[in-house]
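Visitor: Taken in order, these protein sequences are the chains called E and U. Each residue of the first sequence is one higher than the one before, starting from 1 at the first, in the working numbering. Each residue of the second sequence is one higher than the one before, starting from 1 at the first, in the working numbering. Cβ coordinates follow ideal geometry from the N, Cα and C atoms, glycine included.
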Amino acid sequence: MDFLIENHRLLFHLWGIPIYLTDTLIATWIIMGALILLAVVVRIQLRRFQEVPGGFQNIIETMVETMDNFTKSTMGPGSDGFGPYFFGVFLFILLANYSGLFGLRQPTADLAVTGALAMMTFVLIHFRGIRMQKKGYIKEYFSPHPVFFPINLVGEISKPVSLAFRLFGNMLGGVIIMGLIYGMLPLALRIVLPDLLHAYFDVFAGSLQAFIFTILSMTFIAQKSTTE
Amino acid sequence: MDGRSFILGMSALSAGICTLSGLGSGLGQGIAAGKAAEAVGRQPEARNSILSTMLVGAAVAETCSVYGLVIALILLMANPLV
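So, in structure tokens, the structure goes:
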């Protein structure tokens, strides 16, 4: 039962910091490969797309349109370009959560991955805030009264922290409970009983957390891009 | 008694107490789900927007119990006191 990430072997040193080959790294590269493969296949098929969609084209168009409409309805007007970005983030988190089904250790059960995803949202929130609100961006930190400045600052910092910990905690909880169950069961029962747990922790909680991560990122970014 | 084993035992105990943070978020999520069910009963056509609003609210309410879980894990696996 190993709940923490194992260091398989030393890869190289980066400015004196040892970089290890971990389960997370392997799973992330596999997921990246799958996503890039999907993108390349879609790009090749794009040439043969027709006016009236059918089959493969139908699926792709439905996915892209659903995500675009969802982004527009959540973020309001002026959300151009965020649809594809959030589609990518959503697909990555979804595949990362589902990868537990294929015997990989979910990369999202590693604080480094969720922290990186949350930092992306953090950077987007503040760059967009500065670009859209200009002076109002700084004014918002002193909004009801200058006394509230530390509270507002902590509130801004807690956004990415809570985003990262929510995804990490939920997926790690699933990993731990499943690890305990797998350790408890005799070998013959390991095929039947954990299926239900996989259905709940990987499929249900995984898709829910991916959805929640994207929708919360959208709301945070949309909050900062309103000009008042 | 050995100091180290005392610290370890108390850490295990406090990790169990950290799990109690699930109490509040469980109550909150239950209230949110109940209110959402009421809202759907009153306005069945707004079901989709009510569902997504409820999910986001429930996720935010869950944060504090996830913090409890993380603290319990730190106490059990990466104990800073020992």
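#1: Measuring alpha carbon to alpha carbon, tell me which residue in N69/E, G100/E, V52/E is nearest D195/E.
#2: Name the chain U residues whose beta carbon is nearer than 9 Å to that of S162/E?
#3: Return the CA-CA distance between V42/E and F56/E, expressed in angstroms with no decimal places.
#4: At the level of alpha carbons, what is the spacing between N69/E and L197/E?
#5: Taking the alpha-carbon positions, what's the G26/U to V56/U distance?
#6: Just tell me which of S11/U, A61/U, G22/U, I31/U has its CA closest to the CA of M77/U.
#7: When you compare only the Cα positions, how much space is there between A188/E and I181/E?
#8: Cutting at 8 Å between CB atoms, please list the residues of its own chain near F211/E, excluding the five before and the five after it.
#9: Rounding to the nearest angstrom, what Cα-Cα distance links G179/E and L193/E in this structure?
#10: Starting from the N-terminal side, write out each stretch of the alpha helix (DSSP H) that is 4 residues or longer and does not extend beyond the region 3-77 of chain U.
#11: Using a Cβ-Cβ distance cut-off of 8 Å, determine whether N7/E contacts chain U.
#12: Starting from the Cα of I176/E, find the closest Cα among L13/U, S21/U, A72/U, V82/U and give me that residue.
#13: Could you list which residues in chain E have their beta carbon closer than 8 Å to that of V56/U, in chain order?
#14: What residues match up with I12/E in a beta bridge as DSSP calls it?
#15: Using a Cβ-Cβ cutoff of less than 7 Å, which residues in the same chain neighbour V82/U once the five nearest sequence positions on both sides are dropped?
#16: Taking the alpha carbon of G173/E as the point to measure from, which residue in F201/E, L94/E, K135/E has its own alpha carbon closest?
#17: Taking C-alpha atoms, which residue in A27/E, V52/E, M132/E lies nearest to S79/E?
#18: Residues of chain U with CB under 8 Å from F165/E, in chain order?
#19: Could you check whether T114/E and A164/E sit closer than 8 Å to each other, using their CB atoms as the reference points?
#20: Considering D195/E, what are the terminal residues of the alpha helix (DSSP H) in which it resides?
#21: Just the chain U side, please: which residues come within less than 7 Å of G173/E by C-beta, in chain order?
#22: Does DSSP put N69/E in a helix, in a strand, or in coil?
#23: Output needed in chain order: residues of the region 128-157 of chain E with a Cβ under 7 Å from some Cβ in chain U.
Guide: In short:
#1: G100/E
#2: V60, T63, V66, Y67
#3: 9 Å
#4: 33 Å
#5: 15 Å
#6: S11/U
#7: 13 Å
#8: F90
#9: 13 Å
#10: 3-18, 21-42, 47-77
#11: no
#12: A72/U
#13: I212, I215, L216, T219
#14: First, the amino acid is wrong: residue 12/E is Phe here, not Ile. DSSP lists I19/E as partners of F12/E.
#15: R4, I7, L8
#16: F201/E
#17: M132/E
#18: T63, V66, Y67, V70
#19: yes
#20: 194-198
#21: L69
#22: helix
#23: none
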